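All the letters of the sequence shown, read from the start, carry residue numbers 7 to 642 under the working numbering.
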Amino acid sequence: MPMNGGQGIKQVGYFDCAGGGQVVVDGTVAFIAHMHAPEGTTIVDVSDPSKPRRLATIEVPPGMHSHKVRAANGVMLVNREAQPADRPAPGFQGGIGIFDVSDPGRPREITFWRCGGAGVHRFTFDGRYAYLSPELDGYVGNIVMILDLEDPSRPEEVGRWWMPGQWLAGGETPSWQGRQHRCHHPIRLANRLYVSYWHGGFVILDIEDMSRPRLVSGLDWSPPFACPTHTALPVPFSLHGRRVMIVSDEDVAKLEPSPPSFLWLVDITDEARPVPFASFQVAGVDGTPQPPFTGCHQPCEEVTGTEIPVAWFAHGLRVVDIADPHAPREVASFLPAVPEGAKRVCSNDVCVDERGLIGDPVLLFLPMDIQAKDVNEFRQRLGFNDPLLVQYGRFVGGALRGDFGESLRYKRDALGLVLERMPATLALAAVALGLSFCVALPVGVISAVRRGSVWDYLGMTGAVLGQAIPGFWLGLMLIYLFSVRLGWLPTGGTGGPAYFVMPCIVLASFYAARVARLTRSSVLETLNEEYILTARAKGLAELVVVGKHTLKNSAIPVVTLAGLETGQLLGGAVITETIFAWPGVGRLTVQALLNRDFPVVLAAVFLVSVTYTLINLGVDLLYGWLDPRTRRESGT
């Protein structure tokens with residue numbers, strides 16, 4: 007979709023699909039929840055953001071919409087809600103669909119958690135607990151509920167809370183009409199839930215005891231403001247020494263004709279007395295009533311800095327900077343072109359993925375109560391504000407001294423941290439290299455000596471398969487067979503010899519195949535040399551011809567490959583260590599990349615490069631023993 011207007015934001019990719027309700031990204035997979043049946047949830051590969059690719063689609067029946075989705079730890083949750091929510095069809099069953107998305111291309115429903123009324127509207131999910139807004143029999147409107155999904159197949163209610171007046175079966179009487187005051191969705195920060203209530207403002211709940219959520223405070227400004235409250239989003243760091251919450255009203259279901267909804271900033275330093283103190287509205291709003299879906303909808307709920315992306319319905323995407331909370335200002339915007347068949351834009355949701363396409367990595371390493379001025383000081387101390395050439399010069403100077411700085415995550419010397427993990431990686435690579443040569447050399451020699459035989463065909467078929475099978479797939483299959491099904495080997499970690507078996511097989515399989523093929527070619531070439539033919543003509547035993555005269559001269563290209571392979575084994579261990587949770591440099595590097603701990607990444611790359619260089623230097627020296635022609639002559 008082409009861009010219609012805006013500034014400061016560049017479109018990277020576009021994915022065409024039915025109208026989206028919520029979009030979240032877990033790793034490199036996007037989950038899009040749709041507004042209208044039959045589309046329920048679409049799963050998209052965004053590993054290349056410029057070329058998003060559909061992986062799977064889950065459909066829902068008529069009369070239901072599944073417009074909210076969350077995913078974490080290979081588990082996806084989607085809501086099941088009646089459409090329209092105030093008039094569910096007879097026999098309608100709502101709730102939460104729980105799916106296994108460890109293979110995103112093949113989502114599998116684990117179970118369906120059921121509730122009453124119109125079902126579940128919206129929720130958040132931290133990988134263990136789901137904080138949701140279900141309708142339950144005996145209550146009017148959605149309430150707050152906490153579900154424990156430690157076992158996704160058996161979700162268990164931990165606790166619930168409702169606004170006084172919602173529990174009709176308990177004799178309570180609401181002071182509002184119909185379903186107007188109902189929970190929209192909770193957001194957790196530490197031991198608090200920040201809960202938006204539709205036409206009921208927001209509440210802050212203490213969940214120190216999750217089985218008994220306790221009201222801390224609440225505030226409702228609808229009326230006099232006509233739009234319902236959609237999101238109560240706590241900022242995980244302080245601004246000007248104050249704790250702040252971002253609150254958005256949604257520009258729908260107005261109590262009366264009114265101007266478009268906007269964004270609030272609420273001071274929650276004294277959480278028992280929340281006070282609105284600032285707001286933000288897009289430019290050009292003159293205070294006259296506007297049609298629904300014109301104003302604010304919701305902010306991105308992943309707060310990574312003071313620049314907050316906000317979905318603003320007909321005004322597209324707006325990025326609001328709250329660094330000065332008393333004067334929030336727009337710093338970027340993106341307005342898509344009006345889709346074919348529509349009269350105007352309707353931007354419904356926005357999220358920020360782990361790659362930080364929008365956001366500030368500095369905040370990943372700071373405490374939650376950090377102030378905005380301290381963020382800038384931290385960035386200045388790390389040199390992130392310096393020109394790139396200055397940063398590069400500083401890096402080169404530090405590298406020459408062996409100083410890559412301090413790990414942003416572990417607060418320790420980055421190179422020292424990598425050196426601690428190096429023995430585990432070298433041990434894994436050494437065993438895998440030994441295994442590959444123990445298998446490959448006999449296979450290559452036998453295939454050459456018995457050229458054209460069954461042994462030759464079997465050996466080379468195995469070599470081709472070894473190079474063709476992806477290591478990550480082989481690793482997963484080994485875990486499934488020997489750990490999950492048979493229980494013979496541990497799935498991962500480090501310990502005794504059993505922990506080496508599967509990682510070494512994965513690492514050795516590809517390289518053994520290469521060594522076997524090269525050994526075969528080298529031995530075949532050597533067997534055709536004149537001195538080999540002479541040795542055979544003299545009647546030497548074949549074992550002597552091959553073992554004494556052939557192997558040493560055939561070993562030169564194999565030794566060259568060994569040097570290359572050792573370095574590649576160190577690099578290939580990145581994937582293997584991640585799959586098998588091996589505590590080496592590879593796994594540390596992956597974790598550092600995900601955490602944007604760049605000093606550790608630089609130190610790891612440097613150390614692996616030095617190790618690779620030293621290994622190849624040793625290979626060059628070994629040539630002198632294998633091939634006398636490479637020795638330096640002396641005395642002339």
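Even glycine gets a Cβ: it sits at the ideal position worked out from N, Cα and C.
Because the structure is a prediction, the values reported are computed rather than measured.
Residue i - containing alpha helix (DSSP H), residue span
i, result
"E87", "From DSSP, E87 is part of no alpha helix (DSSP H) but of the beta strand (DSSP E) over V81 to A88."
"V451", "A420 to V455"
"Y20", "From DSSP, Y20 is part of no alpha helix (DSSP H); its letter is neither H nor E."
"L395", "L394 to L406"
"L482", "G477 to L484"
Spatial neighbours of residue i in its chain, beta-carbon cut-off 6 Å, leaving aside the 5 residues before and after
i, result
"E162", "D154"
"G111", "L61 and A62"
"Q304", "H236, T237, S254 and A317"
"D106", "R114 and I116"
"P94", "A88 and A124"
"V449", "G465 and A522"
"G133", "A78 and N79"
"A175", "G144"
"A609", "F410, A420, L421 and V424"
"L530", "A454"
Assumed close pair residue i, residue j - CB separation to whole angstroms, cut-off 8 Å
i, j, result
"L646", "S489", "The structure shown does not extend to residue 646, since the chain is modelled only from 7 through 642, so no value can be given for it."
"E87", "A39", "At roughly 11 Å, the Cβ-Cβ gap does not stay under 8 Å, so E87 and A39 are not in contact."
"H191", "G147", "With a Cβ gap of about 13 Å, H191 and G147 do not count as contacting."
"I193", "E307", "6 Å"
"L613", "V607", "Going by Cβ atoms, the distance from L613 to V607 rounds to 11 Å, so no, they are not a contact pair."
"I252", "I213", "Not quite, the Cβ-Cβ distance comes to about 20 Å (not below 8 Å), so this is no contact."
"E277", "S223", "6 Å"
Buried/exposed call for residue i, threshold 16 Cβ in 10 Å
i, result
"M169", "buried"
"Y398", "exposed"
"V396", "exposed"
"V616", "exposed"
"S453", "buried"
"L369", "Reliability fails at L369, whose pLDDT of 45 lies under 50, so the model's placement of it is uncertain and no value is given."
"R160", "exposed"
"K16", "exposed"
"L71", "According to the sequence displayed, residue 71 carries His and not Leu. H71 should be labelled buried."
"S353", "buried"
"D392", "exposed"
"D359", "buried"
"G46", "buried"
"Y20", "exposed"
"Q172", "buried"
Close Cβ partners of residue i (< 7 Å) along its chain, the five nearest in sequence each way excluded
i, result
"P229", "L261"
"P509", "L434, T582, F586 and W588"
"D22", "none"
"G322", "G12, S339, F340, L341, P342, V351 and S353"
"A430", "T500, W588, P589 and G590"
"V437", "F506 and C510"
Closest by C-alpha distance to residue i, when choosing among the options
i, options, result
"V326", "L269, A518 and A587", "L269"
"A320", "E307, E277, V258 and V309", "V258"
"A43", "H73, N622, Y20 and V31", "H73"
"G69", "I314, T34, R76 and D92", "D92"
"D330", "T310, L245, A289 and V288", "L245"
"P282", "L627, L225, A420 and G290", "L225"
"V445", "L432, A519 and G403", "A519"
"F131", "N85, R120 and V209", "N85"
"S442", "P429, F516 and N197", "F516"
"R526", "V455, V222 and G177", "V455"
"I102", "F118, S108, P90 and D109", "F118"
"C189", "A514, Y20 and I210", "I210"
"G33", "Q99, D109 and Q172", "D109"
Residue-level contact to chain C via CB, residue i, 8 Å cutoff
i, result
"G322", "Among the chains of the structure shown, chain C does not appear; only one protein chain is present."
Residue range of the unbroken beta strand (DSSP E) whose run includes residue i
i, result
"L271", "L269 to D273"
"W167", "E162 to W167"
"E45", "E45 to D51"
"F286", "V281 to F286"
"G301", "Careful: G301 lies outside any beta strand (DSSP E) and carries neither H nor E."
"S254", "V250 to D255"
"V344", "Per DSSP, V344 belongs to no beta strand (DSSP E) and is neither H nor E."
"F105", "G100 to D106"
"H190", "R188 to L195"
"E313", "E313 to A317"
Closer than 7 Å: residue i CB and nearest the ligand ADP heavy atom
i, result
"V146", "For the ligand ADP, the structure offers nothing, since it holds no ligand at all."
Same chain only: Cβ atoms within 8 Å of residue i, ignoring 5 sequence neighbours per side
i, result
"L363", "Bear in mind that a pLDDT of 49 at L363, under 50, signals an unreliable position, so the number given afterwards is only what the model happens to contain. Within the same chain, L363 has close Cβ partners V18 and P55."
"L482", "I585"
"Y4", "In the structure as shown, the chain begins at 7 and stops at 642. Residue 4 is therefore absent and cannot be evaluated."
"G408", "L421"
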